[in-house]
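Step one of this worksheet: look at the structure below.
Protein chains: 2
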Amino acid sequence: MELSERKRLILQAIIEDYIQTAEPVGSRNIAKNHDLGLSAATIRNEMADLEEMGYLDKPHTSAGRIPSEMGYRFYVDSLMQRYSFTMEEIANLQHSMDRKFMRLESVISEISDTISKVTNYPAIVEMPSCQKSRLRNLKMMLIERGIVLIVVVTEEGVVRNKRMGVAEEIDYEIIDTISDFLSGQLTGLCADDLTASRLMLIYEAMAQYGALLKSVVEFVLDCLEDSQNRVYIGGASNILNNPEFENIDRARKFLSFIDSHENITKMLGTNEIDENEHISIKIGSENGVEEMNDTSLVIANYSVGGKLHGKIGIIGPKRMNYARVVSSLEVINQRLGEILGKMLYGED
Amino acid sequence: MELSERKRLILQAIIEDYIQTAEPVGSRNIAKNHDLGLSAATIRNEMADLEEMGYLDKPHTSAGRIPSEMGYRFYVDSLMQRYSFTMEEIANLQHSMDRKFMRLESVISEISDTISKVTNYPAIVEMPSCQKSRLRNLKMMLIERGIVLIVVVTEEGVVRNKRMGVAEEIDYEIIDTISDFLSGQLTGLCADDLTASRLMLIYEAMAQYGALLKSVVEFVLDCLEDSQNRVYIGGASNILNNPEFENIDRARKFLSFIDSHENITKMLGTNEIDENEHISIKIGSENGVEEMNDTSLVIANYSVGGKLHGKIGIIGPKRMNYARVVSSLEVINQRLGEILGKMLYGED
DNA sequence: TGTTAGCACTCACTTTCGCTGAGTGCTAAC
DNA sequence: GTTAGCACTCAGCGAAAGTGAGTGCTAACA
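Sequence order for the protein chains is A and B.
When you number the first sequence by the working numbering, it's gap-free, plus one each residue, and the end is 348.
When you number the second sequence by the working numbering, it's gap-free, plus one each residue, and the end is 1348.
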């Protein structure tokens, strides 16, 4: 059954008031504060209808109404208007993200700070990763006698390195030879290409350095698989600004969930974003994580050069300023892509 | 004025009871639960003395006593006995730290998790850094046309890298030449050695690549100075397990302080550890940070190979299980040194 | 038939008030 | 010097009463 225009207006008014005040909203307030040209009694009738239809809940008989999950869902799908930032706000926002970044880590943690500052909710930022990366460069350098540094660059531009102990007698020339050999053998391949038989051939070709080769290949494999989908969490304490978390037990439950990167990773894993929309809103139980059933999750995909990608988002109470959060994520998302592009591919 | 043996025993009993229960402790309880062979009335007299001398406070007339900051200070300096872990506990603890670590970041964040799990307080771990590092290796590699990767290794074994855009026409050979030249010029130097005049000479020697040289040197300088003394914070939500933080405003104040890395860095900066002791305990206002005056800070120095060093520690309520915290930090601290040594210098 | 005013009713929240019990300080006796 | 006894204090708890925002229903009005 379709909602009448009037019901939609009333529902919207209720949800927006509730988002602002966190108090159950009553018919009188709607009549007074919104110019609907209706009396409280009429609104009461409509509210009774909306409740019956499942869009509103009542905490108890003599309180006002609050939106149900279904009410929020309808709101974000059909009623919500985008929050529009002023040009100035956008400029400030972008400016606050433009710093001299030396490391990927600092970009990511800076972005999570920015998100949490703008939205006033705890922010989540995933490190960029990729489905199936290929090796672009492999270089071994002798740092000092007995220690070699291995540098791996993937097709997507991710660089990683590792120090490794080697026999004392191995010198610069040997390392260069091994380095060139391995580089030639492995460049352009992805993890799946490195079959056992292929590796056998490689080890045999330079059998006297088998152990070293093995360690290096292991490291390369680890880089290509890059299983650690690390996430950064910023502004976790922001959650305490919301009256629904004044209960210390609830706050503790929330914060200790948030504290664990594993939990967040799992949560992101179970909440994939539809191909054809760039932002996904999960309201309450929709997020599929039982402990977090009374919070909403808003996440966006970002991507860099069409290869690397990850998610950014926020977690907050179901009563959340969805409009503002969505707009913030859009602005930040775009800039993040630009910053990472510049950083990883040197697009200046 | 010296404290009599009996006063010391009573003070210790009060502090330890209070640490356990978080409730003001009364004379009757001390008489009953501790085998001092004294009646409650006698203990009351002694408690009155201790209060007068400044070791105890009274929240209000008809409650028991709680330790004052001075009381805690005396306790940790003179009364506290070390908490002794069983061999099994130590083994478990060490085992939980021994994982396959690929990156410095994961070691650090793992350690901060371990500390917070063992102590049940929020943990702080500083990234290792060093006063004055020298360049050990510099290597530039052309990743693809137009992009060069710079790898810097310092004397202490810290490796950093950066991608940089270069002119299209620069090929492998040119990069190798530049790389060897710069490496020859800069290896063994520290940031202070790179005076303006010395840099001038370098730039002039290969004037046609002046801009590139400049960028590379800038990056090297940044690595050597390594101003970012990053910290990791783990288990922040643990603070909510302590009854003194059931007040939501206090919890918020604490958590939002903790949320900011800047705050923590500043706090660590103002709390140096005395040369001749490896662990420092700052009780309440002693930590010098006004917002954190009702919390205590316990920090330890760790060092790797005598060069790299940093701090680990915890923040908790003044009513803290100091004995256990100190012992935990000692065990963890030692293992951390071993793990980092293995990782950075390949001491297997 | 849709809208509105009026009224009785509900119920969370706040305030008040007295009670309880743990704890203290003082005094007098051992 | 130690202890028993007693009067006094005061936070915390729970019951009771009061307050007010909000609802549902009914009847009258346009």
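C-beta atoms are modelled at their ideal positions from N, C-alpha and C, and glycine is treated no differently.
Closest to residue i by C-alpha separation, out of the options, would be which residue?
i, options, result
"Leu297 of chain A", "A:His309, A:Ser303, A:Leu329", "A:Leu329"
"Asp1259 of chain B", "A:Leu36, A:Asn45, A:Ser116", "A:Ser116"
"Glu272 of chain A", "A:Gly188, A:Gly288, A:Ser84, A:Leu255", "A:Gly288"
"Asn1276 of chain B", "B:Glu1046, B:Ala1300, B:Asn1045, B:Val1166", "B:Ala1300"
"Gly313 of chain A", "A:Val76, A:Tyr203, A:Tyr121", "A:Tyr121"
"Met1292 of chain B", "B:Ala1091, B:Gln1094, B:Met1267, B:Ile1015", "B:Met1267"
"Val1159 of chain B", "B:Lys1007, B:Val1220, B:Leu1142, B:Leu1093", "B:Val1220"
"Leu356 of chain A", "A:Pro67, A:Lys58, A:Phe257", "With chain A represented from 1 up to 348, any question about residue 356 of chain A goes unanswered, as that position is not in the structure."
"Leu1194 of chain B", "B:Phe1181, B:Arg1073, B:Leu1224", "B:Leu1224"
"Asn1242 of chain B", "B:Lys1132, B:Pro1317, B:Ile1108", "B:Pro1317"
"Lys1354 of chain B", "B:Glu1155, B:Ile1174, B:Ile1143", "The question about residue 1354 of chain B has no answer, for chain B in this structure spans 1001 to 1348."
"His1309 of chain B", "B:Tyr1203, B:Ala1191, B:Met1127", "B:Met1127"
"Tyr1083 of chain B", "B:Val1331, B:Tyr1345, B:Leu1344, B:Glu1338", "B:Val1331"
"Ala323 of chain A", "A:Tyr72, A:Glu88, A:Ile175, A:Ser215", "A:Tyr72"
"Asp1176 of chain B", "B:Leu1213, B:Ser1197, B:Gly1157", "B:Leu1213"
Residue i CB to nearest chain A CB: under 9 Å?
i, result
"Asp1348 of chain B", "Residue placement at Asp1348 of chain B cannot be trusted, given a pLDDT of 47 that sits under 50; what the coordinates show is reported in the next sentence. By this cut-off, Asp1348 of chain B is an interface position."
"Met1102 of chain B", "yes"
"Asp1259 of chain B", "yes"
"Asn1263 of chain B", "no"
"Arg1252 of chain B", "yes"
"Leu1189 of chain B", "no"
"Asp1222 of chain B", "yes"
"Lys1311 of chain B", "no"
"Phe1074 of chain B", "no"
Classify residue i as helix, strand or coil using the three-state DSSP reduction.
i, result
"Asp1098 of chain B", "coil"
"Tyr1345 of chain B", "helix"
"His309 of chain A", "strand"
"Lys1132 of chain B", "coil"
"Arg952 of chain B", "Lying before the first or after the last residue shown, residue 952 of chain B is absent from chain B, which here runs from 1001 to 1348."
"Ser1027 of chain B", "helix"
"Asn1271 of chain B", "coil"
"Ala236 of chain A", "helix"
"Ser1183 of chain B", "helix"
Using beta carbons (cut-off 9 Å, strictly below), is residue i in contact with chain B?
i, result
"Val352 of chain A", "With chain A covering 1 to 348 only, the question about residue 352 of chain A has no answer from this structure."
"Asn120 of chain A", "no"
"Met343 of chain A", "yes"
"Val125 of chain A", "no"
"Leu182 of chain A", "no"
"Ile143 of chain A", "yes"
"Ser96 of chain A", "no"
"Val289 of chain A", "no"
"Val151 of chain A", "yes"
"Glu105 of chain A", "yes"
Using the beta-carbon count (16 or more within 10 Å), is residue i buried or exposed?
i, result
"Ser27 of chain A", "buried"
"Leu1138 of chain B", "buried"
"Tyr232 of chain A", "buried"
"Lys282 of chain A", "buried"
"Gln1349 of chain B", "The shown model of chain B, from 1001 to 1348, leaves out residue 1349 of chain B, and the question about it has no answer."
"Gly1269 of chain B", "exposed"
"Asp1348 of chain B", "In this prediction, Asp1348 of chain B scores a pLDDT of 47, lower than 50, which makes its location untrustworthy; no coordinate-derived value is stated."
"Ser1078 of chain B", "exposed"
"Glu2 of chain A", "exposed"
"Pro123 of chain A", "Pro is not the amino acid found at residue 123 of chain A; the sequence shown has Ala there. Buried, by the Cβ-count rule."
"Leu1344 of chain B", "buried"
"Ala1236 of chain B", "buried"
Less than 9 Å between the C-beta atoms of residue i and residue j, yes or no?
i, j, result
"Leu56 of chain A", "Leu36 of chain A", "no"
"Asp294 of chain A", "Arg252 of chain A", "no"
"Met140 of chain A", "Val151 of chain A", "yes"
"Arg319 of chain A", "Met97 of chain A", "no"
"Ser1039 of chain B", "Ala1048 of chain B", "no"
"Ile19 of chain A", "Leu50 of chain A", "no"
"Ile1279 of chain B", "Val1326 of chain B", "yes"
"Val1148 of chain B", "Val1125 of chain B", "no"
"Asn1333 of chain B", "Tyr1302 of chain B", "yes"
"Glu155 of chain A", "Ser183 of chain A", "no"
"Gly188 of chain A", "Leu240 of chain A", "no"
"Ile1339 of chain B", "Phe1074 of chain B", "no"
"Phe1245 of chain B", "Phe1254 of chain B", "yes"
"Ser1106 of chain B", "Gly1234 of chain B", "no"
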